[in-house]
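Written out below as structure tokens is the structure these notes cover.
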Amino acid sequence: MMAGNFLEEVIIAGFGGQGVILAGKLLTQTAMKKDLKVSYIPAYGPEVRGGTANCMVVISDESVACPLVVSPTSLIVMNKASLLKFTPALKSGGLMVMNRTLIDVAAGRDDITLLEVPADDIALKLDNPRGANMVALGAYVTARGILTVDDVAACMPDVLAKRYHDTLEANIKTLKAGAAYIREHYDAVVS
Amino acid sequence: MSEKVLMCGNEALGEAAILAGVDGYFGYPITPQNEATAYMARRMPEEGRVFVQSESELAAINMVMGAAATGARAMTSSSSPGISLMQEGISYLAGLELPCVIVNIMRGGPGLGSIAPAQGDYFQATRGGGHGDYRCIVLAPASVQELVDLMQLAFDLADQYRITVMVLGDGILGQMMEPVELRKLPRRDLPEKTWAITGARGRPQNILRSLLMTDNQLELHNKHLQEKYAGICKSETRVEQFDVDDADVICVAYGIAARVVKSAVIVARDEGIRAGWIRPITLWPFPTDAIGMAAEHKGREFLVVEMSCGQMLEDVRLAVNGKAPVRFYGRAGGAVPTVEEVLEQIRKIAPVIVD
Amino acid sequence: MQTVFSRTPTLKDCTTHYCPGCGHGLAHRLVAEVIDELDIRSRTLGIAPVGCAVYAYDYIDVDMIEVPHGRAPAVATGMKRMRPNNIIFTYQGDGDLASIGAAEILHAANRGEKITVIFVNNAVYGMTGGQMAPTTLLDQVTATTPRGRSQQNDGFPLRICELLTVLPGTAYIERCSLHDPKHIRQVKKAIRRAFEHQVEDKPGLTLVELLSPCPTYWRKSPKEAMAWIANEMTKVFPLQCFKEPEKS
């Protein structure tokens, strides 16, 4: 847990089907269960059909005033379009988790903490081809240090629709693989 | 105390209506409130209550009218273009003095506009919207929890005053997920619905009518309505204030715009600007007195922030009544003001106080 | 002295505002008689339209509501869904039901709402001063068809019974006429049949269309108006039972 007042504003972005909405809800649910104040706003409508999908999550130890995130403190980008769209908005000193598997350009920012995670490669290796969102979330949570992957894993049944509960085990494993990748490659960030 | 759950506004408003004892929901799909209709389609039959998907918003409001006429608690939900279609029915509901709850999860307009969040229906909601001299009570929640609480209040107000209560949100409130406690609020002590049409058994025929053509009846009816409205203004006005006492600049905003303003005011205070904030919870009746009193303080300025081109602005100006400058910052057509934009406006108005 | 005929109790003892020779008085009486014969006065809820019959609640002594033009079937839906044990009827004219309220009657019928619709067709708008109705006959002169209804400009007379009969949600559809005693007796039978169907809580919407005289806006004497129904209206709107429930 972080000490003192904090305001964590997250944007998670990708294309439709990458599970960014699920990742956002899961992050929000987990923070709520840890007695933090939260809000979550999905981008809705035409934006989510075909184009980029994104959501805004605010986590704080004080009640959330503005739930809209314009300049995030953390950014999770799952594809190139999202990287190009949201990178300029990331606060200086912010954290970025980039899906290296699908993004072949540089972030172009030297004032942020950049975590390059081959999210789809890791998910594929675990035979969970749609699990890149879990890898990225595991990486983010581990690097950011507000919540733990165990907190997130515990909340997964609350957020995942019942008909997908047979995938719980695989998704938790994928989530933890994201955490492990960060500890292995970005040890300095975690500590 | 019940446990907090994460819920989007559209679903939470449905569950709140169920807590309030809604008997019938009638609605037509429209974005960005579709989750509400779908939620009620699932939940109402589970509770042994009525859900009907109507053929239009026109039919929906008339189904609400029929249900309300029998004394049942009835509601519909929609978004801006759909609410426009309902205006005929809302005028009749006012004339007939039938209680009901209407939720408007506003989107960008005019016309088909967009499905992005907006506050462009303020005039329509607070001025009556349909034909004739009438008002609806308009409640403007700014969080999912407040939406849950005000939905329940809405049904009580409707029954107490035999009036349409509109819950006015926007696309963000409908789509946003926040932790909510689904607490059932105590019901007010409400009058018996002796006017309802249920079958004339052991009593004379009940007639619900709004056509009053003879002997000045309609003027008398209008006077009766105005007296009722005056009573509502006196007893039911709600407003939230924040850091107002020493403020050099007071921001006025409602709904999601007020959340943006709150963040801006917090940052402004950190910068040494004496900023404060007034949030009308009832848009009609409008908190004219609270704003008027705040305007008495010399040297103070007001900043109205809306997701429209300036509608509530007119009510603030009327409340301030020339005692202080009233400025405006708005975004329209689905755009939302940012904290930074509001902050910039505040900085323009107010001096930085160095203690 | 023996009473051989009296006003049925559900029809109020008062003078109506209807013009001489108007069909609404007859139609009101027949509805009231059926309500009394079936002994359902205390559980019947009526819906008055916008049109000449807007004051129906001043004449028919049951709980009633007056609703926006054409929306009666939607209001009836809300009422019946809340109170399925009540008997709900709408009383609508041709402008109300077939023009501005065409969508509401179509969808109430399609949902199979268990309501009874009394549809009074006099081929003209009465209340507003004799304008064209959707059921106005071709070549009929009205305030808004001064040269007669033209098919090219105004379309065709709309046949509601024929339209609704094809919907699986309707149970009983009959068109009758108020133009002479023999046909009036048939109207009574049809209204009774429609209400009985609802009293027995059988599925489906019931509708009885009444061809009804409007001497004022047809510019005819009451007698000529009756003859015009028999000779002209019934050619376009044939009298028949279009649909009846299977007898069990």
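Protein chains in written order, with this note's numbering: chain H, 23 to 213; chain Z, 64 to 418; chain S, 420 to 667. Ideal Cβ positions, reconstructed from N, Cα and C, are used throughout, including at glycine. No experiment lies behind these values; they were computed from the predicted model shown.
query	result
Check whether the Cβ atoms of Ser-143 (chain Z) and Met-169 (chain Z) sit closer than 8 angstroms, and answer yes or no.	yes
Please work out which residues of its chain come closer than 7 angstroms, Cβ to Cβ, to Lys-198 (chain H), disregarding the five sequence neighbours upstream and downstream, and give them in chain order.	Gly-160, Val-171
Quick one: measure Cβ to Cβ for Ala-395 (chain Z) and Ala-181 (chain Z), integer angstroms, because I've assumed they're closer than 8 angstroms.	7 angstroms
Taking 8 angstroms as the threshold (beta carbon to beta carbon), is Phe-89 (chain Z) in contact with chain S?	yes
Quick check on this structure: which residue in Z:Val-323, Z:Thr-227, Z:Leu-213, Z:Val-383 has the alpha carbon closest to the alpha carbon of Arg-301 (chain Z)?	Z:Leu-213
For Ala-495 (chain S), return the contacting residues in chain C, with the cut-off set at a CB-CB distance below 7 angstroms.	The structure shown contains no chain C; its protein chains are H, Z and S.
Could you tell me the boundaries of the beta strand (DSSP E) in which Met-54 (chain H) lies?	First-last for Met-54 (chain H): 42 to 55, but that is the alpha helix (DSSP H), not the beta strand (DSSP E).
Should Phe-614 (chain S) be labelled buried (16 or more other beta-carbon atoms within 10 Å of its own) or exposed?	buried
Would you say Leu-464 (chain S) lies against chain Z (beta-carbon separation less than 8 angstroms)?	yes
Examine chain S for any beta-carbon lying closer than 8 angstroms to the beta-carbon of Glu-377 (chain Z), and answer yes or no.	no
So what's Gln-442 (chain Z) in DSSP terms, helix, strand or just coil?	No answer is possible for residue 442 (chain Z): it lies beyond the span of chain Z, which begins at 64 and ends at 418.
Mind pulling the chain S residues with CB within less than 9 angstroms of Tyr-155 (chain Z)?	Glu-485, Val-486, Pro-487, Arg-490
Pick out whichever of Z:Gly-111, Z:Lys-386, Z:Glu-303 has its Cα sitting closest to the Cα of Ile-344 (chain Z).	Z:Glu-303
Would Ser-569 (chain S) be called buried (16 or more neighbouring beta carbons within 10 Å of its own) or exposed?	exposed
Using a Cβ-Cβ cut-off of 8 angstroms (strictly less than) and excluding sequence neighbours within five positions of Arg-205 (chain H), which residues of its own chain qualify?	Thr-164, Val-212
Taking the straight line between their C-alpha atoms, what separation do you get for Arg-500 (chain S) and Arg-462 (chain S)?	15 angstroms
Going by Cα to Cα distance, which pick from Z:Gly-192, Z:Ser-177, Z:Gly-174 is closest to Glu-151 (chain Z)?	Z:Gly-192
Taking all protein chains shown into account, decide if Thr-509 (chain S) is buried (16 or more other Cβ within 10 angstroms of its Cβ) or exposed.	buried
Taking contact to mean 3 or more Cβ pairs, one atom from each stretch, closer than 8 angstroms, check whether the segment 231 to 247 of chain Z and the segment 157 to 173 of chain Z are in contact.	yes
Suppose the cutoff is 7 angstroms on Cβ atoms and the five residues either side in sequence are ignored; what does the same chain contact list for Trp-647 (chain S) look like?	Trp-637, Lys-639
Residues of the segment 266 to 292 of chain Z with a CB closer than 7 angstroms to any CB of chain S: list them in chain order, please.	Gln-268, Asn-269, Ile-270, Leu-271, Arg-272, Ser-273, Leu-274
At least one CB of chain H closer than 8 angstroms to the CB of Met-126 (chain Z): is that the case?	no
Flag Lys-113 (chain H) as yes if its beta-carbon sits less than 8 angstroms from any beta-carbon of chain Z, otherwise no.	no
Would you kindly work out how many angstroms separate the C-alpha atoms of Asp-188 (chain H) and Asn-150 (chain H), rounded to a whole number?	12 angstroms
Excluding five sequence neighbours on each side, which residues of the same chain lie with their C-beta closer than 7 angstroms to the C-beta of Val-379 (chain Z)?	Val-315, Ile-354, Phe-365, Val-367, Val-389
Counting only the same chain and skipping the five closest in sequence on each side, list residues whose C-beta sits under 7 angstroms from that of Tyr-155 (chain Z).	Met-128, Ser-273
Who does Lys-662 (chain S) pair with in a DSSP beta bridge?	S:Ile-592
Less than 7 angstroms between the CB of Glu-151 (chain Z) and some heavy atom of the ligand SAH, yes or no?	What this structure holds is no ligand at all, so the ligand SAH is not there to describe.
Chain Z partners of Met-501 (chain S), CB-CB under 7 angstroms?	Asp-86, Gly-87, Val-113, Ala-130, Thr-133, Ala-135
Relative to chain S, which residues along the segment 247 to 262 of chain Z have a C-beta separation below 9 angstroms, given in chain order?	Ala-259, Ile-260, Thr-261, Gly-262
Which runs of the beta strand (DSSP E) fall wholly inside the segment 262 to 334 of chain Z and span at least 3 residues, in chain order?	302 to 305, 312 to 315
If you draw a straight line from the alpha carbon of Arg-337 (chain Z) to that of Ala-357 (chain Z), how long is it in whole angstroms?	14 angstroms
Quick one: residues in its chain with C-beta nearer than 6 angstroms to the C-beta of Val-560 (chain S), no 5 flanking neighbours on either side, listed in chain order?	Gly-567
Taking 8 angstroms as the threshold (beta carbon to beta carbon), is Leu-366 (chain Z) in contact with chain H?	no
For Met-107 (chain Z), which option in Z:Asp-306, Z:Ala-382, Z:His-194, Z:Gly-77 has the closest C-alpha, if you only look at C-alpha atoms?	Z:Gly-77
Could you tell me whether the Cβ of Pro-89 (chain H) comes closer than 8 angstroms to any Cβ of chain Z?	yes
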